[in-house]
Structure formats: structure tokens, C-alpha cells
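Below: one structure, written as C-alpha cells.
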Amino acid sequence: VSREALAIKRDQVLGVEDTEGLDYPDGGFKAYLVLFGCFCGLTVCLGFINSIGAVSGYLSIHQLSNLPASTISWIFSIYLCLAYGTGIFIGSLFDKKGAFKILACSTALIFLGLMATANCVEVWQFILSFISLGVGNGIGLPPLVAVINQWFFKKRGQAIGIATCGGSAGAILFTLTLRHLYFEFGFVWAMRTVAFMCLTLMSIATGLAKERITRDPKSKPKRHQQQIDDEIAFEKSFWNRVLQALDPHRLNNLDLKFCFLVTGAFMGELSLILTLTYFPSYAIARGFSESDSYLLLTVWNATGILGRWLPGYVSDKLGRFNVNIIMILGLNICLFVIWLPFGGKGLNVLYAFAALGGFYSASVLSMVPTCLAQITLASELGKKYSIVNAFMSVGNLVVIPIGASIISKGSIHDYNMFVVLVACLALGAFIFWTLSRFMIVGTKFNIKV
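Sequential numbering from 88 applies to the sequence shown in the numbering used here.
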């Protein structure tokens, strides 16, 4: 098969032809204002997720030091489940109504959750506060990502990369702020300060992150027949969908490129979240100071800024699936070659791992919407991205307590087994992202996809 034929197949599979007649600005004052607004919003919604280790590590040795790690883990597993899961109810709403009201509600819930967290002392109080925070994060993420895809097409990877740099910038901002304020003013004012920072940033996002198109509820966008079949199947009852999925005759019509993408994103996200949540406590277990553990997390997120922007820029030239697979391969090398065998050899090794791992892992989240946009219509991206996040949310609800159970005794052996779990999840992410690409262009490597 010629390269030209494969390119035609790729375009047909990805739906490059704009069936809805959209004219993407790909720049200009309004587009860049929207991009800045999304950057501010993702600084909060992704930044707090990426800095969650700075909170969990502090609670485990202060307010909740008398409780086992498995009990404390439920605070953050429920939070992360909601941070990704509630978006499934928002994607379709955004497609029809736009972003403003959704982001306004997100802002209020995040602010209230953080202010309440400042006054918590018991596990159940932290859980209730983080429920508010998680729901706020969850309903804010889909519109902040989907809005960008309505303004950029040729530069979509670069634009998403810039916006999601807010996740790394926010993680650095929150981690360093908490590290300083914990010791200067205490936990209460540290959390209150972060709450007002989030309120300011989310207010900017609410005002600037404007959509270009919304779907008329009375009309249906043009879709390929397979996409129509998928939507009808999704709306049927749960058990009917399970039985139909098991029907051999329907497997031939299954959109495997989307299924593999969801699975790869799912496993990559779990690997990343486990690392971000327990990397600081791993450093403390190795005998390093609490301050060093926060600095390691800061280095991880600092290199993540470059790891979000550079792959996004390069992906517009070399292909988004291609670049993301390379980045996940690099993450696997960091886990299997640096962290697992040499994690206990010294603080310098952990700094090296944090620098390289932070760079390569940054695309785990930032490249998902750009790759998904290649196989999804613009007017339905919010819904599809919410479906991806819903799968991630279920995984987060389960995998964080599993990670806590593995390291329950806090021994070096337990933490090594934890690293094995993280590495295996990253390996699974690499395999399924590769399979998703295979369903588009087969085994050819010199095709931009």
C-alpha cells in the first residue's frame, strides 16, 4: 500500500474533512483571549490535581497522622473520581448551552470546597469539602478543553499544550505556596490563600473562555453513520449495552480506535495520579525531609511545563498520536530504568527522575483532547471528552486506595511494589495508545497521525 493511500485512509478515519463547515480562526485577538482564559482555568482545575501530593503528604503527618494511609486515601480517591467523573454530565450541556454558567458554578464550588477544607479536622469533614472541590473541578474541565478546539484547528496541538501548561504552572504555584505557608502561618491560612487564588483565576476563565458554536437542541449535526449508531447505543439501558457489546456480530462495528484511546488514556492517567499523590510520601519514606518532598513535586511540575508545550507544538508537525506515543515511551523508560532500580540511591537520583518523569508524563493529560479531536466532530467533543474522563474517574476511585493498601506499612519493599504498579500501568498506556494508532494507519511509521 502506497504512502498516499495510507494518508487517504488516515484522513477518512480521522474525519479531517470538516463536515460541519466550521472556519477555525487559528489565531487572532479573540482566540488568544480565549486561550488565556482557558490557561487560567486549567491552572486551577489541573493545577490542584497535580499538586494533590502536597496536601495528602501534609495531612498524613499532621491532622490525620493517627490514621492508616488506606483511610486517608479515600479523601483523595473520591475527590479525583468526582474531578473526572462529573464532567460526563457537562459535555452535552456545554455543546448546547456554552461555557459561562458552567464555569461560574465551577468557580463557586472550588472556592467553597477550599475554604471549608481549611477548617477540617476529621476525615469525614475532609471528604465533604473535597466533594465540593471535586465537583467544581469536574464540571470545569470539559468546557475549558472543548472551547479551545472550537478556535484552533491547524494549531490545535500547540494551543492545547499552552493551555494545559496551566496545570503545571498551577501545581508549581500551589505547591510552593503551601510549602511556604504551612510553616509560616499554618494549614488554615495556607488553604484560604489558595482558595482566593483559585477564585481569581477561575473568575478570569469564566469571563474569557467563550465558545464559538453551540449545538441547536432542535437540530442534529451531520455525523457519520457509525457515530450515530454509537450515540444510540450509549443512550440505551446499561444491560442492553453490555449484552450488545458481547454480541460477536457487533464487534466488527466497534470503534476500536476510540476504545483503545480511552483505555490508553485511562491507564496513563492512573499511573500519573498515583505518582503525583504518593511521590512526596515515597521521598519521606526514603529518609528525606518534608521540604525536599515538596521540592521534588515542584521539579516534576516545572519540567511538565515544557513537557506540555513542546509536544503540542511538535505534534502539529509530526502528528499527535506519534508524539504522544513517544512521550509515553519516555515515561516508561524513566519508571523502569531510573525510579524502580535506583530510587533509593540518593536524593539526586530522585531529582533526576522528577525532572525527566515530569517532562515525559506531561503529555498523558495534555495530548488526550488533541488526539480525541482528530476522531470526533467539534460539536460533540465535549461529550466524548467527558466519557473519557468518566472512565478515568472510576479508575481513580479504586486505584488510589489500592496504592495506599500496597504502601500501608510504609516499608521500602512496599514502596517498591507501588512503583511496579505505577510502571505496569504506564506500560499498558503505551500498548493501548500504539494499538489506537494501528487502527488508523496500520504498521506504517512514516505517516503523520
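Think of the CB as a built atom: it goes at the ideal place given N, C-alpha and C, for glycine as much as any other residue.
Here the structure is a predicted model, which means the values were calculated and not measured.
Identity of the residue in the options nearest residue i by Cα
| i | options | result |
| --- | --- | --- |
| residue 276 | 499, 207, 454 | 207 |
| residue 503 | 470, 432, 461 | 432 |
| residue 384 | 217, 257, 196 | 257 |
| residue 225 | 369, 166, 156, 184 | 166 |
| residue 125 | 296, 344, 343, 162 | 296 |
| residue 402 | 294, 347, 456 | 456 |
| residue 139 | 388, 397, 417 | 388 |
| residue 429 | 285, 461, 370, 475 | 370 |
| residue 161 | 475, 424, 439, 489 | 489 |
| residue 471 | 364, 346, 164 | 346 |
| residue 460 | 235, 353, 210, 298 | 235 |
| residue 415 | 268, 134, 355, 479 | 355 |
| residue 169 | 533, 532, 510, 481 | 481 |
| residue 348 | 478, 298, 202 | 478 |
| residue 154 | 509, 491, 510 | 491 |
| residue 513 | 500, 423, 440, 196 | 423 |
| residue 498 | 441, 438, 373 | 373 |
| residue 201 | 281, 264, 474 | 281 |
| residue 342 | 268, 534, 260, 462 | 462 |
Local conformation of residue i per DSSP, three classes
| i | result |
| --- | --- |
| residue 454 | coil |
| residue 428 | helix |
| residue 463 | coil |
| residue 518 | helix |
| residue 138 | coil |
| residue 492 | helix |
| residue 406 | coil |
| residue 483 | helix |
| residue 498 | coil |
| residue 379 | helix |
| residue 247 | helix |
| residue 536 | coil |
| residue 155 | coil |
| residue 272 | coil |
| residue 470 | helix |
| residue 538 | Not covered by the structure: residue 538. The range shown for the chain is 88 to 536. |
| residue 207 | coil |
| residue 374 | coil |
| residue 124 | helix |
| residue 524 | helix |
| residue 262 | helix |
| residue 241 | coil |
| residue 298 | coil |
| residue 195 | helix |
Exposure label - residue i; buried when at least 16 CB within 10 Å
| i | result |
| --- | --- |
| residue 420 | exposed |
| residue 485 | exposed |
| residue 219 | buried |
| residue 506 | buried |
| residue 530 | exposed |
| residue 271 | exposed |
| residue 238 | buried |
| residue 445 | buried |
| residue 255 | buried |
| residue 211 | exposed |
| residue 134 | buried |
| residue 209 | exposed |
| residue 318 | Because the pLDDT at residue 318 is just 43, under 50, the model does not fix this residue reliably, and the value given afterwards should be weighed accordingly. Exposed, by the Cβ-count rule. |
is_contact[residue i, chain C] using C-beta, thresh 8 Å
| i | result |
| --- | --- |
| residue 389 | Given the protein chain composition of this structure (a single chain), no chain C is represented. |
Neighbourhood of residue i by C-beta, 7 Å cutoff - its chain only, sequence neighbours within 5 removed
| i | result |
| --- | --- |
| residue 536 | 97, 406, 408, 409, 524, 527, 528 |
| residue 310 | With a pLDDT of 49 at residue 310, under the threshold of 50, the modelled position of that residue is not reliable, and no figure is offered here. |
| residue 350 | 519 |
| residue 240 | 111, 113 |
| residue 292 | 124, 125, 127, 128, 190, 231 |
| residue 353 | 478, 479, 482 |
| residue 156 | 147, 491, 494, 495 |
| residue 509 | 358, 361, 362, 422 |
| residue 438 | 383, 386 |
Chain-order list of residues whose beta-carbon lies under 8 Å from that of residue i (same chain, five-residue window excluded)
| i | result |
| --- | --- |
| residue 412 | 517, 520, 521, 524 |
| residue 400 | 244, 245, 248 |
| residue 149 | 274 |
| residue 435 | none |
| residue 427 | 503, 506, 507, 510 |
| residue 264 | 277, 280, 281, 284 |
| residue 294 | 124 |
| residue 141 | 261, 262, 265, 266, 367, 381, 384 |
Cβ-based neighbour list, residue i, same chain, cut-off 6 Å, excluding 5 preceding and 5 following
| i | result |
| --- | --- |
| residue 359 | 448, 451 |
| residue 173 | 222, 225, 226 |
| residue 266 | 381 |
| residue 252 | 392, 395, 396 |
| residue 204 | 216, 278 |
| residue 390 | 442, 445, 446 |
| residue 368 | 144 |
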